[in-house]
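Chains as they are written, first to last, in this note's numbering: chain C, 1 to 422; chain R, 423 to 721.
By construction, the Cβ of each residue, glycine as well, lies at the ideal position given by its N, Cα and C atoms.
Written out below as structure tokens is the structure these notes cover.
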């Protein structure tokens, strides 16, 4: 008897350990992306992975939400310099010039900036004294700590400025910066000049809230329209006997099963229709399309839910002389609320996560978060680092995760619709 | 018409109208497109120098049947259905048995945590997996490297390794569904039946074979059919993972790229989709007939 119990305990220990181990493996990717999101970006490729992160930082989240406005940019650049200048005793004096630079490598590739140069002195290789218009190539280090809203540089520095190849009145030379406008060997930029983030750079400089707004509009409207389409229909299918009822239900059911292929087939025509009707780049149209796509599955789902509410309630109300609308409003709506909430959550998740149609039918300024995440993924290694991407992706996934977890019991029964009935 | 019919039609009309206009009509429209030469320039808007949008009969279908890439996509899609469904069902059964075993302590915690992949947006999950499989930075290759593997597999760009990766991703995405269905089925097996079999001296495998399987067989068959349809319509995951590489390996992705890729030919793309849908419809119809899935529709 004792030996038996010992065997059972051992078995229990082994199987529980196996269960925990397998769960760990299955959930590892999600955990890993979370760890990456709180790891400082540059350490990712060089250091070992720690199950418990060593130095936690929320920088990535701050960058995603508010853009790189902190002391983040410190990049080598190459560029040009021009302006009125003269050479005197091996020194090049530039007055009223302009410095244009472009970052070639690193997370801010393609960032360009333009700085007016009131005065600068270079030590150059030329010996004769000439005067005229300077044209030259430069390289150096650009440090940017603040960008104003209008795109001008709030505060920045140009260090290690080196004139690689300058030309002035027929003589060519090279040299290094001796004195900037402030008399030091660097150039200080304060509330002047201009900095432009290009395509990927613009993403980097966070438009998160803009995309969030688009996502909320699309998903919110999709929820509203879905409820308008689904709730009355589900009631009718559940409670009324009418001509064509079974056919429509069957059509809906078949449609939910082959929707993937048909949906993409329809995409081609849908794209054409939308462009022809002049509805391209309109957020509400996208919501309408999503809501229409939600009709077959969610009508089934809610019909199933209303089926489970005893018809005694509405029959009693009908006897009392209530109209159909009154029955729906005062009897069924409150009782079917969990089912309706599930439909609403489905509609929200659908609108929030869809990105194929959104990228086909919207221009950049109207695109939602989902499209942004997809585009960000293509930018990894070219201006986007993994921790930034991980933070953005997690922020994108969070609302869906929370909603799913809140409603998971209803959703589970919805997703396995009809399947468990004998 | 009866009064209830009128009221019912009024209630289902908004949803029906939206469904018909935005779901059904585009499909009918794309069936029409499949018989035309719709391509970049004459669709959706006719450009002056482009060939006129005309009816071309079965040309697109003839072109598809002679297209090497389509044949490849068709075969690979079925291969994927075969491999991924096998893996999904096996994983589903294994995980359900494990997380229902009376020897495992704390089952409720694991089950509620294991639902997580289901709760995450597909776009998020696939990008996470793309990171996991990254040939240089990805933890999988890092781990292989530390285990001493010399030539690290390129999970993103090598067709076979990437195909394997897709299978893994699909199992990961689908197992919550499989577990939910199979667990519910397992729980519907009456304990008394199993106990009676034990008393009669049936072995573990005999109990599984003669008591459990007849009861859970149908829900598992149901889940298998649904999940195989999902595998056949695999589009989002390969599209996000590496659209270029899988262009000629998944039939829907192939059709999509024909329409929205580098050289759009909408007519041919629509024809690809129609063929894919017909194949799927036949497949589903046969399966539904075999398992009497449509009984749910009479509810």
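Given that a residue counts as buried once 16 or more other Cβ atoms are within 10 Å of its Cβ, and exposed if not, what is residue 214 of chain C? Only buried fits residue 214 of chain C, as 16 or more other CB atoms lie within 10 angstroms of its CB.
Find the residues of chain C that neighbour residue 594 of chain R, judging by a C-beta separation of less than 8 Å, and give them in chain order. Those within 8 Å of residue 594 of chain R in chain C are 26, 29.
Among C:307, C:160, C:407, nearest to residue 338 of chain C - alpha-carbon criterion: Of C:307, C:160, C:407, the residue nearest in Cα terms is C:407.
Return no unless some Cβ of chain C is closer than 7 Å to the Cβ of residue 612 of chain R. At a cut-off of 7 Å between beta carbons, residue 612 of chain R makes no contact with chain C.
Going along the chain, which residues of its own chain have a beta-carbon closer than 6 Å to the beta-carbon of residue 424 of chain R, five neighbours each way excluded? There are no such residues.
Taking the beta strand (DSSP E) that residue 116 of chain C falls in, what are its first and last residues? Segment 112-124, the beta strand (DSSP E) holding residue 116 of chain C.
Does chain C have any CB closer than 7 Å to the CB of residue 437 of chain R? At least one CB atom of chain C sits nearer than 7 Å to the CB of residue 437 of chain R.
Give me the chain C residues within the contact set of residue 527 of chain R, using Cβ-Cβ distance strictly less than 8 Å, ordered along the chain. What residue 527 of chain R touches in chain C: 12, 16.
Going by DSSP, name the residue or residues bridged to residue 167 of chain C. Answer is C:135, C:172.
Looking at the unbroken beta strand (DSSP E) that takes in residue 104 of chain C, where does it start and where does it end? Neither: residue 104 of chain C is in no beta strand (DSSP E) and is coded neither H nor E.
Return the chain-ordered ranges of every alpha helix (DSSP H) run that is complete within the segment 510-551 of chain R and spans a minimum of 4 residues. The segment 510-551 of chain R contains these whole alpha helix (DSSP H) runs: 529-536, 538-541.
Between residue 432 of chain C and residue 678 of chain R, is the Cβ-Cβ spacing less than 7 Å? Nothing can be reported for residue 432 of chain C: it is not among the residues displayed for chain C, which extend from 1 to 422.
In chain order, what residues of the segment 380-394 of chain C put their CB closer than 7 Å to some CB of chain R? The residues in question are 386, 393.
Using a Cβ-Cβ cut-off of 7 Å, state whether residue 554 of chain R counts as contacting chain C. Closer than 7 Å to some Cβ of chain C, the Cβ of residue 554 of chain R qualifies, so yes.
From residue 47 of chain C to residue 379 of chain C, what distance separates their C-alpha atoms? At residue 47 of chain C, the pLDDT of 48 sits below 50, so the modelled position is not reliable; the number obtained from the coordinates is stated separately. Using only the alpha carbons, I get a separation of about 22 Å.
In three-state terms, what does DSSP make of residue 570 of chain R? It is coil, neither helix nor strand.
Rounded to whole angstroms, what is the Cα-Cα separation between residue 576 of chain R and residue 590 of chain R? Cα to Cα, residue 576 of chain R sits roughly 15 Å from residue 590 of chain R.
In three-state terms, what does DSSP make of residue 687 of chain R? Residue 687 of chain R falls in the coil class under three-state DSSP.
Beta-ladder partner(s) of residue 458 of chain R, from DSSP: Answer by DSSP bridge pairing, in chain order: R:477.
Which residue or residues does DSSP assign as beta-bridge partners of residue 276 of chain C? Looking at the DSSP assignment, residue 276 of chain C forms no beta bridge with any residue, so it has no partner.
Going by beta carbon distance, what residues of the same chain come within less than 8 Å of residue 328 of chain C, once the five residues before and after it are set aside? Spatial neighbours of residue 328 of chain C in its own chain (CB-CB distance under 8 Å, excluding positions within 5 residues in sequence) are listed in chain order as 231, 232, 235.
So which residues of chain C does residue 643 of chain R contact, with C-beta pairs closer than 7 Å? Correct list: empty, because the minimum Cβ distance to chain C is about 10 Å.
Start and end of the alpha helix (DSSP H) containing residue 592 of chain R? 581-609 is the span of the alpha helix (DSSP H), which, as asked, contains residue 592 of chain R.
If you reduce the DSSP assignment to three classes, tell me which class residue 129 of chain C lands in. Coil, per DSSP.
What in chain R is Cβ-close to residue 370 of chain C, meaning under 7 Å? In chain order: 545.
Reducing DSSP to helix, strand and coil, say where residue 162 of chain C ends up. Shown here, residue 162 of chain C sits in a strand according to DSSP, grouped into three states.
Under 7 Å Cβ to Cβ from residue 202 of chain C, same chain only, skipping five residues before and after it: list those, please. Note that residue 202 of chain C scores a pLDDT of 48, beneath 50, so its modelled location is shaky; the value from the coordinates is reported in the next line. For residue 202 of chain C, where only same-chain residues beyond five positions count, there are no Cβ hits under 7 Å.
Less than 8 Å between the CB atoms is what I'm expecting for residue 158 of chain C and residue 176 of chain C, so what's the real figure, rounded? Wrong, their Cβ atoms sit about 12 Å apart, outside the cutoff.
At 9 Å on the CB atoms, spell out the chain R contacts of residue 240 of chain C, in chain order. Here the neighbours are 426, 427, 429, 430, 433.
Buried versus exposed call for residue 695 of chain R [16 or more other C-beta atoms within 10 Å across all chains shown]: Counting C-beta atoms within 10 angstroms of its own C-beta, residue 695 of chain R has 16 or more neighbours from the protein chains shown and is therefore classed as buried.
Whole-angstrom C-beta distance between residue 464 of chain R and residue 472 of chain R, which should lie under 8 Å: Your pair residue 472 of chain R and residue 464 of chain R checks out as a contact, with CB atoms roughly 5 Å apart and the cut at 8 Å.
Grab me the residues of residue 513 of chain R's own chain with a C-beta within less than 6 Å of its C-beta, minus the 5 sequence neighbours each way, in chain order. Counting only Cβ-Cβ distances below 6 Å, and skipping sequence neighbours, we find 593, 597.
Cβ of residue 269 of chain C within 7 Å of Cβ of residue 448 of chain R? Yes, Cβ-Cβ distance for residue 269 of chain C and residue 448 of chain R is below 7 Å.
Throw me the rounded Cβ distance for the residue 391 of chain C and residue 64 of chain C pair, which I believe falls under 8 Å. At roughly 5 Å, the Cβ-Cβ gap stays under 8 Å, so residue 391 of chain C and residue 64 of chain C are in contact.
So which of C:313, C:192, C:351, C:139 has the shortest CA-CA distance to residue 114 of chain C? The candidate whose alpha carbon is nearest that of residue 114 of chain C is C:192.
What does a CB cutoff of less than 8 Å around residue 127 of chain C pick up in its chain, not counting 5 residues either side in sequence? Cβ neighbours of residue 127 of chain C beyond the five flanking positions: 90.
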